[in-house]
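Quick note, the sequence shown lines up with residues 332 to 510 if you use our numbering.
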Amino acid sequence: VGGGSVIDGVKFIAATAAYEGDPLDIFYRKHRPVKAVPFGTVLTLPATGSEMNSGWVVSRKETQEKISFGCVWTFPQFSLCDPTVITSLPKRQLQNGVVDAFSHVLEQYLTYSHDAILQDKIAESIMKTLIEIGAADKNTVFVLNHFSHNSKNVLYKDFVKIAAKLDFEVSYDGMVIEI
């Protein structure tokens, strides 16, 4: 029962509970899960889609490491989402969820190099829909940070070109934005 972070934690636990070795073997990708303990989810905050995918992102507090992983064994067996719970959330929580979803889609859109026009169009439509449902308005200025630290080594000039397709700006040292 929870949002994306809780569900991601359950996925990691499900994979490690079915493994007789050290859970850190899975964390550090020394072992790829071949099974997981079945689990279901009860979503309390929509944002990342964790209730419908097999991926997870977990952190190791002691070392400040964060990893993403996934396998066919960590799809939830079922997911429940009561729309009345979602509508009862404070507006700020809903906005945070929309921004979180937007960030996930945007990061993949900007950092994965591929020739998948359909996937790009789907990502663009998701981002535009999130804007339409209230995450932003026509006066919102979207400023992106450089994503090269995500191992895709996108050059600044290329990042600007990609972002321009969505009418986004890319940050730079000394940038000032008037609000």
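We put the CB at the ideal spot given by N, CA and C, even for glycine.
Selected residue, minimal CA-CA separation from residue i, among the options
| i | options | result |
| --- | --- | --- |
| Asn-384 | Ile-453, Lys-361, Gly-335 | Gly-335 |
| Cys-412 | Trp-387, Val-332, Asp-431, Thr-460 | Val-332 |
| Gly-401 | Tyr-359, Thr-415, Ala-432, Val-436 | Tyr-359 |
| Trp-387 | Lys-459, Pro-407, Ser-399, Glu-393 | Ser-399 |
| Lys-496 | Tyr-440, Arg-363, Glu-463, Ala-349 | Tyr-440 |
| Phe-574 | Lys-392, Asp-489, Ser-456, Lys-488 | What is shown of the chain runs 332 to 510, which leaves residue 574 out entirely. |
Rounded distance between the beta-carbons of residue j and residue i, thought under 8 Å
| i | j | result |
| --- | --- | --- |
| Asp-339 | Val-389 | 6 Å |
| Ala-345 | Val-365 | About 13 Å; that fails the 8 Å criterion. |
| Thr-405 | Lys-361 | 17 Å between Cβ atoms; not a contact. |
| Gly-371 | Phe-409 | 4 Å |
| Ile-508 | Val-474 | 6 Å |
Secondary structure of residue i, DSSP reduced to three states
| i | result |
| --- | --- |
| Lys-422 | helix |
| Thr-372 | strand |
| Phe-499 | coil |
| Lys-366 | coil |
| Lys-361 | coil |
| Glu-382 | helix |
| Glu-351 | coil |
| Val-507 | coil |
| Phe-433 | helix |
| Val-474 | strand |
| Phe-406 | coil |
Where the alpha helix (DSSP H) through residue i begins and ends
| i | result |
| --- | --- |
| Ser-390 | Unbroken run through Ser-390 is the beta strand (DSSP E), 386-391; no alpha helix (DSSP H). |
| Ile-453 | 448-461 |
| Leu-355 | 354-358 |
| Lys-342 | 335-348 |
Segment contact flag, the segment 355-371 with the segment 447-456, C-beta cutoff 8 Å, min 3 pairs: no
The segment 422-439 / the segment 373-383 touching (three or more Cβ pairs under 8 Å): yes
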